[in-house]
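Undergrad:
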Amino acid sequence: MATYLEFIQQNEERDGVRFSWNVWPSSRLEATRMVVPLACLLTPLKEHLDLPPVQYEPVLCSRPTCKAVLNPLCQVDYRAKLWACNFCFQRNQFPPAYAGISEVNQPAELMPQFSTIEYIVQRGPQTPLIFLYVVDTCLEEEDLQALKESLQMSLSLLPGDALVGLITFGRMVQVHELSCEGISKSYVFRGTKDLTAKQIQDMLGLSRPVVPVQQGRPPHTPDQPIISSRFLQPVHKIDMNLTDLLGELQRDPQPVTQGKRPLRSTGVALSIAVGLLECTFPNTGARIMLFTGGPPTQGPGMVVGDELKTPIRSWHDIEKDNVRFMKKATKHYETLANRTAANGHCIDIYACALDQTGLLEMKCCANITGGHMVMGDSFNTSLFKQTFQRVFNKGFSGEFRMAFGAILDVKTSRELKIAGAIGPCVSLNAKGPCVSENELGIGGTSQWKICSLDPSTTLAIYFEVVNQHNAPIPQGGRGAVQFVTQYQHSSMLKRIRVTTIARNWADAQSQLQHIEAAFDQEAAAVLMARLGVYRAESEEGPDVLRWLDRQLIRLCQKFGQYNKDDPNSFRLSESFSLYPQFMFHLRRSPFLQVFNNSPDESSYYRHHFARQDLTQSLIMIQPILYAYSFHGPPEPVLLDSSSILPDRILLMDTFFQIVIYLGETIAQWQKAGYQDMPEYENFKHLLQAPLDDAQDILQTRFPMPRYIHTEHGGSQARFLLSKVNPSQTHNNLYAWGQETGAPILTDDVSLQVFMDHLKKLAVSSAS
Amino acid sequence: MSVNQQAHTGPPYGQPQPGYQGYQQPAYGGQPLPGEQYGAYNGPMPGYQQPGPPQGYFPSLGFPSKGSPVSINSDTSSLPPNFIGSLRAPPTTGAPPPASGAYNQFGHGDVQNGIPTSAAPVQRPPASQPFLPRSAPSQQYGPPPASVQQLTNHMAGMTIVSTTASAPPPAGLGYGPPTSAPPVSETFSAPYTPYTASPGPPPTTVFQGPPLAQPPFPAQPMSMQRPPTQVPGFAPPPPSTGLGPSPYPPPAGAPRPPPMPGPPLPGQSLAGPSASQPNHVSSPPPPSPMAGPHPGPPMGGLHGPPPPTHPPQPGYQIQQNGSFEQVRGPQPNYPGAYPGAPNYGSQPGAPPPPKRLDPDSIPSPIQVIEDDRNNRGSEPFVTGVRGQVPPLVTTNFLVKDQGNASPRYIRCTSYNIPCTSDMAKQSQVPLAAVIKPLATLPPEENLPYLVDHGESGPVRCNRCKAYMCPFMQFIEGGRRFQCCFCSCVTEVPPQYFQHLDHTGKRVDFYDRPELSLGSYEFLATVDYCKNNKFPSPPAFIFMIDVSYNAVKSGLVRLICEELKSLLDYLPREGNMEESAIRVGFVTYNKVLHFYNVKSSLAQPQMMVVSDVADMFVPLLDGFLVNVNESRTVITSLLDQIPEMFADTRETETVFAPVIQAGLEALKAAECAGKLFIFHTSLPIAEAPGKLKNRDDKKLINTDKEKTLFQPQTSFYNNLAKDCVAQGCCVDLFLFPNQYLDVATLGVVPYQTGGSIYKYAYFQLETDQDRFLNDLRRDVQKEVGFDAVMRVRTSTGIRATDFFGAFYMSNTTDVEMAGLDCDKTITVEFKHDDKLSEDSGALLQCALLYTSCAGQRRLRIHNLSLNCCTQLADLYRNCETDTLINYLAKYAYRGVLSSPVKAVRDALISQCAQILACYRKNCASPSSAGQLILPECMKLLPVYLNCVLKSDVLQPGPEVTTDDRAYIRQLVTSMDVAETNVFFYPRLLPLTKADVDSDSLPAAIRNSEERLCKGDIYLLENGLNIFVWVGVNVQQGLLQNLFGVSSFNQISNALNALPVLENPFSRKVRSIVDMLQVQRSRYMKLIIVKQEDKLEMLFKHFLVEDKSLNGGASYVDFLCHMHKEIRQLLS
């Protein structure tokens, strides 16, 4: 058997699943002592080159409470045409279509390599994708122009039959009717008034007219060719219209007096968008795309008043509880988000402004519904333009890399229960025998709805081992988990992806080394981080840090090898060796540290952290740093201040930022223009290399990172300096050689100090 | 009554005068003369009081009353006829000639005018004399100034008349003999020449007296017969009217008078005689009691025909008896009657025999109108004199502003105000002014001059803030001025300083409109603007109901088509090239649609606002636009609106949100403006101001009836208040197919100074013209916005009550979001102190408004009135039309809070008191059975009856609740001319029209008896025109007018007369067109065939007849009135 590393990687590629533990402790008690919970990162729609979907319905276990899907782990009696469910042990007849089944003629779902399989099923009417643009018109002229162009461009990226709609807002909210000839028509709403869904529908004329049943006449059955067609039209039909309409969009004419913010009715606009879709296309894939250039300043969901002299809330204000609007606004958006999620729609937020735009309050809209959250300085930046374009990226098959209205159903062997999930999902409150009472993340259910997802969307799912301490290792020695994801593919077809995995049970007392060896520290770090970030949303920052620290210490105590009270004796096995370092960086990350971040930024970072896959998440936790120099090929270097050398070019990727940093000498050379001299062409190449690499990252990542090109002493160098481990600071500078890097002006502890303390605490018999 | 009427005939007197000359002249011309004499008289006569100063004036005044008119007529022999027309044309003629001679001398100068200014406020002749007075007055008034001369003129006129008239003979006889009067006249003449004119005047009153009584009699039955009524009437009436009676009496009076005439006369005679005669003759002394009254003349006048002898003249009798009925009896008898008359008075019983009061013998509106037209229509009305009674509204006359506002702007119920509140209370005559601040003037008259005092703004009194006006007294060499209202002395601002001439007048008197004219405008400074910011030009917003009904009836398309061209005719200021007014468009049903028609757009944008619960305007820019800049977009929009809603199924509408939307739009644009709302149905959609159908005819005649006139909810009142604050005026065009609660919907238009137009069961084919014409006129008419009006008065009286379409947030300022040239405000005054005869009473109406170009202006109207210590003067200077205007408005407001019955009773009782007070204090003693009406008020009963019978106060079963509410609001902002024709419609015999002249055929009285089966008539009341076709009309006429060959072929459905090329058709159509032009609303034309079912509707407007809903006939009502009066007297 290959190493665990390979196993893990293989599993990830095939199933999109990574477990924190790949060998499971067989009892609840032991599992608890493992500190890091048994959990996995699931990427439900992980792209899979060799996964041809099958065009039939999955076969389900007939037990009503189980309904697991036939999978390679099932025992099959080919002669009797029976199969036994590996979750509930129910014996099931194969359906008639499987009459020809035999050992040599197996359906795909029984083949081991199809532990993940995708079914295309024909269910329900096919509804086109829906894109509802909600556009802020209180923008600077330049911004608005750029946005208009982006939107117009996006029309060409949509499939012809996709429905589009347009809502604009400023002081008021306008819902544009798209089907009119000769006159452009819109419904206008006051931006200050909270309307119920019913009211909105009535006002848009969407509620079916109550036709009084006249005697003697059959009730009038209007040929309701979808009344909503007025607001949502297939792109191919109104392409020109909409392009013109967007072209004619004017800035909100409401005069903004000196010292005031423009009045922006984001809350009502969103509410109307949600209401509109809610009554016209419930439970079909739809994106509400909100483009906003500033904070909501009036009406429900307002985040800040229109007086410029009152600044928008900061973390400081929040800690002091000096925030007038936050709670109410948050509540407003939460309500909206929940309604949206209930209807299977999603909300994207594209917020471009130099100041905050209220993402803190609005975050749940994107978080809960699986929508995107993009934050930029202006719509007239490539960051926004590229990112927005990337929303409509297509996968290998030429289809959008987006899916809608997914329902994730998790089934477990009896020894396991589901504690919860963390990710862009909402609970469907499906209670069942495999639902644990202890919640981690969004718990209490075995089903979640993910209104929108793409191939990288990743959920963390936490389990609980419920096998009693004294019970024997379960039958067969393996535990199994099945993930069933039903979703609307961008081709409009319904699909079901089923992933079934199994892991060995091990007795933690006798076989701890197996379990230890099967620890996936990367997955574990991300899973713990998600838990931490999840907690940070509702708890005070220091508490979360303390909790994380305690978990780390306990883990070290459990798996470290040391002599009591002898820090120097402390050792961690290879499979744990990076974990403390991840935790160190996590503690410093913007996900848990709000210092120097605005509430919006924090929300933005956390939003992305809660949905990216393991690799990206790790980058977020611990940015990667590459060094380019004449001394050799580009190489990853320690994220440490000691890596900052004068003759190096550094490329740092924090996921959100790509920083290229020219060392002092390099920068001087560049200033001197050596790169332009033919004899120094190699220098030119050296300068170019990181740029190219950065481009590669920029091209693929969503959202597009902020690209920063700086040099030693540059103001933007702070992005780098704040990330590296401050091994050299103004405090210890002279203890180190002059040549060994750049001092960081900080009082933060360095990794070394952190580790020292960790060891001390881990070996301490007191704790 | 009859007497009075006769009095009117008075003019005739004049005519008859010839004989009387003396009298008449005095009377007519004479009256003026009295002037001096009056002085004297005054002593005796309370009425005259008009102190000496006036003398000159007085005379004029006096004359003016009736005599003068004559003069006017004078030229046209016809006139006399007119007067007489009613009664005694013939008689008149006779006398005149002589008079003329004499008078002529006087007359010579046309000077009148010039003089007129003379303070001598033309006093109306004593009320009593009405008739004469009227005619005379008018002339005189005009002339008064000239006093003498004028008189002469009049006289001349008179004479002429007389001459023309055959009457002479009778007159001669009668008159001559009757009294020494003639001599008097002569004497006068003499005096006149000198000056006396004044004296003349007094005569006016007198006239009647003199001429009247005796003359007629003397005239003999013979004459009577001829001129019958007339002559006699004339003569007599005068007396009656005149007060003079007493004086007269002596002359002939005594003898005849006693009988019937007496009574009538009394009224007249009293006034007339006493005053006039006294003057003239000194007759005063003579004033044998009876004489005056009997003045038989009156009688005569009335019954003229019924020579003296006939005691029981109808008219008289009536009066006498008090009970009309009885009277009736007499009427027939006339002759006998007279004699008997007295008896009647005494005997109620008498009546039995005579069953009916002769309609011809009771005061005739037609006659009065004709007289006034003839007497006063030809001379300009010069406003220089204080307290002049202007010609009737039905008379065409020019106005020369010489310091008082034109009667087109302000009319008062009385031009002579009692000095004390006790007097006012005693008389019960309401003191009110009907003000139409932006009235349209005929092209011959000058618009008020615009005065710009620069940054300092208009000069005002420091204390009461009255604006500089002709009545301000400059003192201390012009350095200060004393306020004519509050007497406070204010420094003249340095830049306004000017030296005074030797008379104390500023040297620049004639250069400054505010010093020499009654009406003028000031350019307001920024201090007079809202928020201290000059206003932006106003905006018009067209708000069109596009619910199913509106679309289906074709209304929406019609409006849109019309607007395309109509937008070129928005009102503009003076000579501006294009209107400054911006326009906006909204359509609505259950939701509102706003349109962005910004010029830069390729196509209009529609913005739907469904949040009707909380209305707002969805766009700031592009909603209100300049028509020319956005023309293509607007045209495109108007083309599309009918298409867009062609398939609508929406039947529900909202209403309040529509107004709110307009209001918000104007607020956002920071301007004032007007909303034109085209609405079809009861707003039952869920929205603020939602209404329910609460129409319930069962409430009629119950205590709850008032609720039908009250709004269902106070919501609209609050809305109206907001509208007024913003200067948002609402004009409402209603097209109901069923009840839509005008009472509630009308609240906002009403309180914002807007108009309501209602087209029930609108059908494109039949109602399109009417609607479009109304719309055009409504859009084009001159209008001011954001107006505040305040009426300041001399210390002693105060404006206490206001009627009209406006809002008041305090007790003095009338606020109107919009005010157009047709809107009228009636203001009632009450005493809060004493007034003095010397200084009279002044009114200053200041209207601050924003012109259609956005200029802030102040329009000032000043009017000076006389004050009196004698009730007779009050009664002599009343204006019945204005009085009716006030009473109607008062009553119509009353129905909001009191049962209709109570309102009606109150009206009757007030009028009874007015008349009783006159009878008691001003008429010479006479039999209680006589009904004596003041000359100026002799139409009060007939008009009052019309008010009482109107749909609001006495609805028939076919009148809808909405109609009543509509009429109620309509009347509330009508001016005097409109109420006049509304309550007493004009009935014209078309078949009598002279196809070759421009003139209208002479109107006839509104009674079925006057209709002839062989004729075609036209009746108009300002809202409708009926063309009534008798069953026996010649085929040729039918062919000419309708293009059909028989009566049966005339279609009821016609809503216009076919255009046929023949003189008759042309003439009739031109008449119709002429009438349409005169009215502020386009009248609906209805063809009524005799004996057709529509005729019921038509008969409703024959207001002298008994109405189907129980309204009394004129005759019956008169009797009832008499009874009431008698009760009061006893």
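First to last, the sequence lines map onto chains A and B. Heads up, the first sequence is in my numbering, so the first residue is 705 and it goes up one at a time. Heads up, the second sequence is in my numbering, so the first residue is 2 and it goes up one at a time. Cβ coordinates follow ideal geometry from the N, Cα and C atoms, glycine included.
#1: With respect to the alpha helix (DSSP H) encompassing residue 1285 of chain A, which residues constitute its N-terminal and C-terminal limits?
#2: Any beta-carbon of chain B closer than 8 angstroms to the one on residue 965 of chain A?
#3: With 7 angstroms as the limit, tell me which residues of the stretch 599-612 of chain B have their beta carbon closer than that to any beta carbon of chain A; keep them in chain order.
#4: So, for residue 1091 of chain A: in the same chain, excluding its five sequence neighbours on each side, which residues have a beta-carbon less than 7 angstroms away from its beta-carbon?
#5: How should residue 1071 of chain A be labelled, buried or exposed, when 16 other C-beta atoms within 10 angstroms of its C-beta is the threshold for buried?
#6: For residue 978 of chain A, collect the residues of the same chain with a Cβ closer than 6 angstroms to its Cβ; drop the 5 residues on either side in sequence, then sort them by chain order.
#7: Does DSSP classify residue 523 of chain B as helix, strand or coil?
#8: Which residues in the same chain as residue 647 of chain B place their Cβ atom closer than 7 angstroms to its Cβ, once the five residues preceding and following it in sequence are excluded?
#9: Just list the residues that DSSP pairs residue 816 of chain B with in beta bridges.
#10: Look up residue 1411 of chain A in the DSSP assignment and give the residues it is bridged to.
#11: Per DSSP, what kind of secondary structure is residue 1236 of chain A in: helix, strand or coil?
#12: Within 10 angstroms of its Cβ, does residue 720 of chain A collect 16 or more other Cβ (buried), or is it exposed?
#13: Going along chain B, which residues have a C-beta under 8 angstroms from residue 897 of chain A?
#14: When the Cα atoms are used, what is the spatial distance from residue 389 of chain B to residue 888 of chain B?
#15: At the 8 angstroms Cβ level, is residue 957 of chain A part of the contact set with chain B, yes or no?
#16: Flag this pair as touching only if the stretch 847-854 of chain B and the stretch 695-710 of chain B have three or more C-beta atom pairs under 8 angstroms; answer yes or no.
#17: Check the C-beta distance from residue 870 of chain A over to residue 882 of chain A and give it rounded, since I have them as a contact under 8 angstroms.
#18: Do the stretch 950-963 of chain A and the stretch 850-869 of chain A touch if we need at least three Cβ pairs shorter than 8 angstroms?
#19: Taking all protein chains shown into account, do 16 or more other C-beta atoms lie within 10 angstroms of the C-beta of residue 989 of chain A, making it buried, or fewer, making it exposed?
#20: Can you look up residue 1306 of chain A in the DSSP assignment and give me helix, strand or coil?
#21: Measuring CB to CB, does residue 1074 of chain A end up less than 8 angstroms from residue 1033 of chain A?
#22: What are the residues in the stretch 454-473 of chain B lying within 9 angstroms of chain A by C-beta distance?
#23: Taking DSSP as the reference, what is the three-state secondary structure of residue 1452 of chain A?
#24: At which residues does the beta strand (DSSP E) containing residue 792 of chain A begin and terminate?
#25: Within the 8 angstroms Cβ cut-off, does residue 389 of chain B reach chain A?
#26: Label residue 1181 of chain A either buried or exposed according to how many other C-beta atoms from any shown protein chain fall within 10 Å of its C-beta, with 16 as the threshold for buried.
#27: Does the beta carbon of residue 953 of chain A sit closer than 8 angstroms to a beta carbon anywhere in chain B?
#28: Can you tell me which of the three DSSP states residue 628 of chain B falls into?
#29: So, helix, strand or coil for residue 1008 of chain A, using DSSP?
#30: For the beta strand (DSSP E) containing residue 610 of chain B, name the first residue and the last one.
#31: Quick one: using the 10 Å Cβ neighbour count with 16 as the cut-off for buried, is residue 874 of chain A buried or exposed?
#32: Pull the bridge partners of residue 820 of chain A from the DSSP assignment, please.
#33: Would you mind sorting residue 591 of chain B into buried or exposed? The rule is 16 or more other CB atoms within 10 Å of its CB.
TA: Looking at the coordinates:
#1: Note, residue 1285 of chain A: alpha helix (DSSP H), 1283-1292.
#2: For residue 965 of chain A, no CB of chain B lies under 8 angstroms from its own CB, so it is not counted at the interface with that chain.
#3: 604, 605, 606, 607, 608, 609, 610, 611 and 612
#4: 1078, 1406, 1407 and 1408
#5: Residue 1071 of chain A comes out buried.
#6: 1040, 1043 and 1044
#7: strand
#8: 552
#9: B:789 and B:808
#10: A:1362
#11: helix
#12: buried
#13: 612 and 615
#14: 22 angstroms
#15: yes
#16: They do not touch, by the three-pair rule.
#17: 7 angstroms
#18: In this structure the stretch 950-963 of chain A lies against the stretch 850-869 of chain A, because at least three pairs of beta carbons, one per stretch, are closer than 8 angstroms.
#19: buried
#20: The answer is helix: DSSP assigns residue 1306 of chain A an H, G or I state.
#21: No Cβ-Cβ contact shorter than 8 angstroms links residue 1074 of chain A with residue 1033 of chain A.
#22: none
#23: coil
#24: No beta strand (DSSP E) contains residue 792 of chain A, which DSSP labels as neither H nor E.
#25: no
#26: exposed
#27: no
#28: coil
#29: coil
#30: 606-610
#31: buried
#32: A:1203
#33: buried
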